[in-house]
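In the numbering used here, the protein residues as written are 22 to 345. One structure below.
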């Protein structure tokens with residue numbers, strides 16, 4: 022670190038910035054939080070080998086065309102104060118203050134269903150809807166976009182987003198039971214207009230049957246089947262009390278075992294680091310959690326190559342081959 026400081030000091034002391042800087046494909050203005058992607062052409066008066074000191078949270082790529090010409094590609098999120106880019110070489114030092122060249126505007130959208138994303142394009146794939154509880158539906162889908170601030174995606178509901186990379190994410194949202202579609206808007210930076218995305222909410226029988234008890238706190242013990250079993254237990258106990266025969270206890274004991282068996286944990290498994298936990302036991306399901314370290318979790322159920330687990334007070338599915 023000390024060597025780098027001395028290098029920068031002496032480079033700056035003796036540097037001559039004989040260079041022509043030209044911004045290419047830069048827009049007249051950008052909105053705050055928009056992703057800017059443009060080139061800077063650097064023409065030198067003397068042959069030199071340039072390097073770059075990239076600031077945090079900025080993608081940079083410096084391409085040497087020849088000893089006199091460099092192309093610098095920058096990709097950065099627009100903020101009120103964009104950090105400087107520093108170029109250094111032999112007797113060369115140049116600070117590029119991008120704030121002097123980039124005009125920033127704030128987009129004030131009155132639409133509460135604006136998701137906060139600026140993108141060249143945004144599409145939604147693999148939507149899956151399932152019953153969450155008696156009053157709500159859970160809708161999951163994948164988001165794909167280009168030159169976008171996908172981490173800012175947000176809607177006015179209970180929600181969760183898992184970022185895969187700079188251009189894709191998995192997302193789920195909890196919606197009212199009677200809602201038939203989800204509509205939101207993103208800002209298209211190619212046309213400078215709001216684009217509408219509508220997702221129909223279609224509950225599938227197989228989805229509902231496989232995805233129960235997404236929220237463990239909302240688990241309802243008094244289902245119709247359980248009420249029937251409880252009634253049979255009470256009836257057989259009454260028969261035992263009347264006839265006082267020990268063997269009559271076999272029936273209430275078996276019924277009690279049948280009643281509590283679904284609520285008994287089926288052991289545990291160890292999930293390696295970076296294991297994906299899905300909402301549903303399907304290939305296209307949304308990821309709701311990714312383990313950051315090796316974790317031992319409780320097994321609730323097994324189904325066709327998937328294991329239903331409880332982790333961080335959430336219930337989801339992992340692939341059988343992902344467990345150890």
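Even glycine gets a Cβ: it sits at the ideal position worked out from N, Cα and C.
{"query": "Kindly give me the distance between the Cβ atoms of residue 47 and residue 63, rounded to whole angstroms, as I take these residues to be in contact under 8 Å.", "result": "Not quite, the Cβ-Cβ distance comes to about 14 Å (not below 8 Å), so this is no contact."}
{"query": "Thinking C-beta only, is residue 183 closer than 8 Å to residue 191?", "result": "yes"}
{"query": "I'd like the list of long-range same chain contacts for residue 86, defined as Cβ closer than 8 Å, with 5 residues on each side in sequence excluded.", "result": "92"}
{"query": "What does residue 221 pair with, by DSSP beta-bridge criteria?", "result": "202"}
{"query": "What is the DSSP secondary structure of residue 63, reduced to helix, strand or coil?", "result": "strand"}
{"query": "Spell out the partners DSSP gives residue 157 in its beta bridges.", "result": "154 and 197"}
{"query": "Looking only at C-alpha atoms, which of 143, 103 and 160 sits nearest to residue 189?", "result": "143"}
{"query": "Scan the segment 124-192 and note each continuous beta strand (DSSP E) run of 3 residues or more that stays entirely inside, going in chain order.", "result": "135-140, 142-154, 157-167 and 179-186"}
{"query": "Could you give the DSSP three-state label for residue 77: helix, strand or coil?", "result": "coil"}
{"query": "Does DSSP classify residue 71 as helix, strand or coil?", "result": "coil"}
{"query": "What residue range is occupied by the uninterrupted beta strand (DSSP E) comprising residue 252?", "result": "Residue 252 -> not in any beta strand (DSSP E); alpha helix (DSSP H) instead, spanning 245-264."}
{"query": "Relative to the alpha-carbon of residue 297, which residue among 209, 185 and 250 has its alpha-carbon at the smallest distance?", "result": "185"}
{"query": "Below 6 Å CB to CB, which residues in the same chain sit around residue 106 once its five sequence neighbours on both sides are set aside?", "result": "117"}
{"query": "For residue 310, collect the residues of the same chain with a Cβ closer than 7 Å to its Cβ; drop the 5 residues on either side in sequence, then sort them by chain order.", "result": "298, 332, 333, 335 and 337"}
{"query": "On the criterion of 16 or more Cβ atoms from any shown chain inside 10 Å, does residue 391 qualify as buried, or is it exposed?", "result": "Since the first residue of the chain shown is 22 and the last is 345, residue 391 is not available in this structure."}
{"query": "Can you tell me whether DSSP reads residue 94 as helix, strand or coil?", "result": "strand"}
{"query": "In whole angstroms, give me the CA-to-CA distance for residue 77 and residue 198.", "result": "43 Å"}
{"query": "Taking the DSSP output, what are the residues bridged to residue 56?", "result": "98"}
{"query": "Since I believe residue 162 is in contact with residue 146 (beta carbons under 8 Å), could you give me their beta-carbon distance rounded to a whole number of angstroms?", "result": "7 Å"}
{"query": "Distance, Cα to Cα, residue 95 vs residue 187?", "result": "15 Å"}
{"query": "So, at 6 Å on beta carbons, what are the nonlocal neighbours of residue 303 in its own chain, with the 5 sequence-adjacent residues on each side left out?", "result": "none"}
{"query": "Quick check: the Cα distance between residue 53 and residue 101, rounded to an integer number of angstroms?", "result": "7 Å"}
{"query": "Under 6 Å Cβ to Cβ from residue 179, same chain only, skipping five residues before and after it: list those, please.", "result": "195"}
{"query": "Chain B beta carbons: is any one of them nearer than 8 Å to that of residue 212?", "result": "As a matter of chain content, chain B is missing from the structure shown, which is built from one protein chain."}
{"query": "In angstroms with no decimal places, state the Cα-to-Cα distance between residue 13 and residue 124.", "result": "Residue coverage of the chain in this structure runs from 22 to 345, which leaves residue 13 outside it and unanswerable."}
{"query": "Take residue 71 and list the residues in its own chain whose beta-carbon comes closer than 6 Å to its own, dropping the five residues that flank it on each side.", "result": "91, 108 and 110"}
{"query": "Buried or exposed for residue 113, please, with buried defined as at least 16 other CB atoms from any protein chain shown within 10 angstroms of its CB.", "result": "buried"}
{"query": "Nearest to residue 275 by alpha carbon, out of 266, 149 and 254?", "result": "254"}
{"query": "Report the rounded CA-to-CA distance for residue 323 versus residue 344, giving the unit in angstroms.", "result": "12 Å"}
{"query": "Would you tell me roughly how many angstroms separate the C-alpha atoms of residue 245 and residue 281, rounded to the nearest one?", "result": "15 Å"}
{"query": "When every heavy atom of the ligand GDP is checked, does at least one fall within less than 7 Å of the C-beta of residue 110?", "result": "This structure lacks the ligand GDP; in fact it carries no ligand of any kind."}
{"query": "Reducing DSSP to helix, strand and coil, say where residue 44 ends up.", "result": "strand"}
{"query": "Ignore the nearest five residues each way along the sequence and tell me which others in residue 317's own chain have a CB closer than 7 Å to its CB.", "result": "289 and 291"}
{"query": "Following the continuous alpha helix (DSSP H) through residue 117, name the residue where it begins and the one where it ends.", "result": "Segment 113-117 is the beta strand (DSSP E) holding residue 117; no alpha helix (DSSP H) there."}
{"query": "Among 121, 88 and 57, which has the Cα closest to the Cα of residue 40?", "result": "88"}
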